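Notes to accompany the following structure.
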Amino acid sequence: QLSRRLETVAQFVPHNARLADIGSDHAYLPVHLALNKQIEMAIAGEVADGPFQNACHEINNRKLNEIIIPRLADGLAAVELADRIDTITIAGMGGALITEILDAGQDKLTDVSLLILQPNIGEAGLRKWLMEHSYAITAEKIVAEDQQIYEIIVAQPNGHQINYSESELLFGPQLIQEKTDVFITKWQLERDHLQQALTQMETAKQLPIEKIASFKREINLIE
Ligand code: SAM
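Mind the numbering: the sequence shown is residues -9 to 213 in our numbering, read in order.
Take a look at the structure:
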């Protein structure tokens, strides 16, 4: 049974995908997809030895060695062109790290038609990278699980750059249209958090002008 967060990621993986799950840890996502016969094959990429061993154990225990190949490698170095990977999932890390992984592995992205990304924070920076590299954000979801709120961003190469506005980059071009209850909760919490930080700075008579201006700007955008 996958977590709701990973279940949402899984829902976007196309039938018969050739998948690379980068930062796979226990390989729960590709294992779930393989057990449900949803993928043709997968690479479970891991940079750290412990999580790589977790992936190997899970794949062996489930007897999925024919379908899922674990690889110890940094980011998209886990992908070889001969794998003919068409779908990449990167979940459960910061947006800045996901951006770094995509940026460093651009030569591995030429034949990839779908990116399914779940940043824990830093979504806006990731969307900006996608925009600047001519990806269109084709779907988004926001889900709550265990007091956390997660965003899932699905992107496809588009051939030309789509210009997202500052608000679309921050809130998500699809999420801002849907405005679900979870979305509203996330941004109410974020606004309260920024407001609290501002008040604290003002009481402590610490006035880093640029930071205050950027907090106020974000509060205005949220409002
Ligand atoms: N993807 C799983 C999930 O969403 O539940 C596991 C997330 S876990 C919190 C993040 C994993 O990413 C860790 O196992 C870490 O070792 C791995 N990781 C971090 N940087 C990486 C990189 N550059 N290349 C591959 N894996 C990486």
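Cβ coordinates follow ideal geometry from the N, Cα and C atoms, glycine included. Quantities reported herein were computed from a predicted structural model and do not represent experimental measurements.
Inset, instruction - Please name the residue in Q186, I33, E130, F173 whose C-alpha comes closest to that of Q1. - result: One-based indexing of the sequence shown puts residue 1 at position 11. For Q1, the nearest C-alpha among the options comes from E130.
Inset, instruction - Have a look at the DSSP bridge pairing and note the partners of V144. - result: Numbered from 1 along the sequence shown, position 154 holds the residue referred to as residue 144. For V144, which the question treats as bridged, DSSP gives the partners I106, A129.
Legend entry - 4-residue-minimum alpha helix (DSSP H) runs that sit fully inside the region -9 to 67, ordered along the chain: Counting whole runs of 4 or more residues, the region -9 to 67 contains the alpha helix (DSSP H) stretches -6 to 1, 18 to 25, 39 to 51.
Legend entry - Close-in-space but distant-in-sequence residues of the same chain around I80 (CB under 7 Å, 5 per side omitted): The sequence position of residue 80 within the sequence shown is 90, counting from 1. Only I12, G13, I88, I91, L107 meet the Cβ criterion.
Legend entry - Cβ neighbours of E113 in the same chain (closer than 6 Å, five flanking residues each side left out): Counting from 1 along the sequence shown, the entry for residue 113 is found at position 123. Excluding positions up to five away in sequence, the list reads G85, E141.
Legend entry - Residues near R(-6) in its chain [Cβ-Cβ closer than 7 Å; skip 5 each side]: For this step, residue -6 is matched to residue 4 along the sequence shown. Excluding five sequence positions before and after R(-6), the CB atoms of its chain that fall closer than 7 Å to its own CB belong to V133, E135, given in chain order.
Inset, instruction - In angstroms with no decimal places, state the Cα-to-Cα distance between K27 and V21. - result: One-based indexing of the sequence shown puts residue 27 at position 37. One-based indexing of the sequence shown puts residue 21 at position 31. About 10 Å.
Legend entry - Per-residue DSSP class, three states only, for T79: The residue given as residue 79 occupies position 89 in the sequence shown. Per DSSP, reduced to three states, the secondary structure at T79 is strand.
Legend entry - Residues that A194 bridges to, as DSSP identifies them: Residue 194 sits at position 204 when you count from the first residue of the sequence shown. Answer is none; A194 lacks a bridge partner.
Inset, instruction - Report the rounded CA-to-CA distance for A178 versus F161, giving the unit in angstroms. - result: Counted from its first residue, the sequence shown places residue 178 at position 188. Counted from its first residue, the sequence shown places residue 161 at position 171. Note that residue 178 corresponds to Gln in the displayed sequence, not to Ala. For Q178 and F161, the distance between alpha carbons rounds to 12 Å.
Legend entry - Reduced DSSP category for E135 - H, G, I as helix; E, B as strand; rest coil: As a working note, residue 135 is residue 145 in the sequence shown. Here DSSP, grouped into helix, strand and coil, assigns E135 to strand.
Inset, instruction - Count the other CB atoms, across all protein chains shown, that sit within 10 Å of the CB of K169; report buried if there are 16 or more and exposed otherwise. - result: Along the sequence shown, one-based indexing puts residue 169 at 179. Classification of K169: exposed, given that the 10 Å Cβ count is below 16.
Legend entry - Collapsed DSSP secondary structure at R207 in the structure displayed: Within the sequence shown, residue 207 is the residue found at index 217, counting from 1. Here R207 carries a helix assignment [DSSP, helix/strand/coil].
Inset, instruction - Verify whether the separation of the beta carbon atoms of T77 and A7 is less than 8 Å. - result: Sequence index remark: in the sequence shown, residue 77 carries index 87 (1-based). Sequence index remark: in the sequence shown, residue 7 carries index 17 (1-based). Yes, the Cβ-Cβ distance between T77 and A7 is below 8 Å.
Inset, instruction - Determine the direct distance from the alpha carbon of A67 to that of A34, and round the result to whole angstroms. - result: As a first step, residue 34 is located in the sequence shown; it is residue number 44 there, counting from the start. As a first step, residue 67 is located in the sequence shown; it is residue number 77 there, counting from the start. Each residue's alpha carbon lies about 12 Å from the other.
Legend entry - P41 CB to nearest heavy atom of the ligand SAM below 7 Å: Walking along the sequence shown from the start, residue 41 turns up at place 51. Residue side-chain check: P41 places its Cβ nearer than 7 Å to a non-hydrogen atom of the ligand SAM.
Inset, instruction - For I57, I'd like the list of residues in its chain whose CB is within less than 6 Å of its CB, leaving aside the five on either flank, ordered along the chain. - result: Reading the sequence shown from its first residue, position 67 is the one you call residue 57. The beta carbon of I57 lies closer than 6 Å to those of A24, M31 in the same chain, with the five residues before and after it left out.
Inset, instruction - With hydrogens ignored, establish whether the beta-carbon of L87 is closer than 7 Å to any heavy atom of the ligand SAM. - result: Along the sequence shown, one-based indexing puts residue 87 at 97. Correct: L87 has its Cβ closer than 7 Å to the ligand SAM.
Legend entry - For L99, the three-state DSSP class (helix, strand or coil): The residue labelled residue 99 in the question sits at position 109 within the sequence shown. Annotated three-state conformation of L99 is coil, per DSSP.
Inset, instruction - Output yes or no for whether 8 Å exceeds the beta carbon distance between I75 and L116. - result: The residue labelled residue 75 in the question sits at position 85 within the sequence shown. The residue labelled residue 116 in the question sits at position 126 within the sequence shown. Judged by beta-carbon spacing, L116 lies beyond the 8 Å limit of I75, meaning their Cβ atoms are not closer than that value.
Legend entry - 8 Å Cβ cutoff met for E122 and Q151: The residue labelled residue 122 in the question sits at position 132 within the sequence shown. The residue labelled residue 151 in the question sits at position 161 within the sequence shown. A contact, by the Cβ cut-off of 8 Å.
Legend entry - Own chain residues within Cβ distance below 7 Å of L54, not counting five before or after: If you number the sequence shown from 1, residue 54 lands on position 64. Contacts found: V21, A24.
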